[in-house]
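Numbering-wise (the working numbering), the sequence shown opens with residue 176 and increments by one. Before any comments, here is the structure.
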Amino acid sequence: MSLKAHTRTRATVVRAGYYTTLVSLADWYGGQILAAVDTSVVQKITRKARQDLPGVELWVWARVDARSAEDLALKDWTQPTANPGNAETTPPSEGDGAGGVWAGSPANTVPISPWAA
């Protein structure tokens with residue numbers, strides 16, 4: 176099977192063990208199948224303790240047409256705030272009048288307001 180080039184996708188940490196962390200990739204089977212990553216790699220990028228990793232979102236380059244986690248060839252991990260100009264970066268949590276709560280898809284995100292109709 177010939178795999179396509181790497182695609183940038185969002186990875187969310189689901190579970191972090193001492194040696195292995197399980198991540199959900201948004202563009203790989205709709206995030207329903209978890210991929211294993213070395214915990215040290217995720218900790219190095221996030222600078223967080225293992226117990227603080229679940230729920231953390233990162234960007235990673237992956238072969239999202241892979242049929243197994245081993246074929247994903249994950250590389251070039253970054254944090255969402257490290258990608259200026261990308262429409263899917265994490266929205267700011269201060270000064271939005273909504274207490275940092277946002278709604279919508281990553282590309283179409285709006286602050287939730289108590290005055291919204």
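Idealized CB from N, CA, C, for every residue including glycine.
What did DSSP end up calling Asp227 once you bin it into helix, strand or coil? helix
Just the C-alpha distance for Arg225 and Lys219, rounded to the nearest angstrom, thanks. 11 Å
Sequence-distant residues of the same chain with beta carbon closer than 7 Å to Gly274, five excluded per side: Interpretation of Gly274 is limited by its pLDDT of 43, a score under 50 that renders its predicted location unreliable; the figure taken from the coordinates is listed afterwards. Listed in chain order, the non-local C-beta contacts of Gly274 below 7 Å within the same chain number zero, local neighbours out to five positions each way being set aside.
Ala237, buried or exposed, once every other Cβ within 10 Å from all chains shown has been counted against 16: Ala237 is buried by the Cβ-count criterion.
Tell me whether the segment 187 to 196 and the segment 242 to 257 touch, counting them as touching only if at least three CB pairs, one residue from each stretch, are closer than 8 Å. no
Please classify Ala257 as buried or exposed, where buried requires at least 16 neighbouring CB atoms within 10 angstroms. Legend: pLDDT at Ala257 = 47, less than 50; position of this residue unreliable, value from coordinates given subsequently. Residue environment for Ala257: exposed (fewer than 16 other C-beta atoms within 10 angstroms of its C-beta).
Who does Glu232 pair with in a DSSP beta bridge? The partner list for Glu232 (beta bridge, DSSP) reads Thr187.
Sequence-distant residues of its chain with Cβ nearer than 8 Å to Ala241 (five each side left out): Cβ within range, chain order: Leu178, Trp203, Leu247, Ala248.
Chain-order list of residues whose beta-carbon lies under 8 Å from that of Gln139 (same chain, five-residue window excluded): Nothing can be reported for residue 139, as the shown portion of the chain is limited to 176 through 292.
Using a 10 Å radius around the Cβ and a threshold of 16 neighbouring Cβ atoms, would you call Thr253 buried or exposed? exposed
Taking the straight line between their C-alpha atoms, what separation do you get for Gly192 and Arg185? 20 Å
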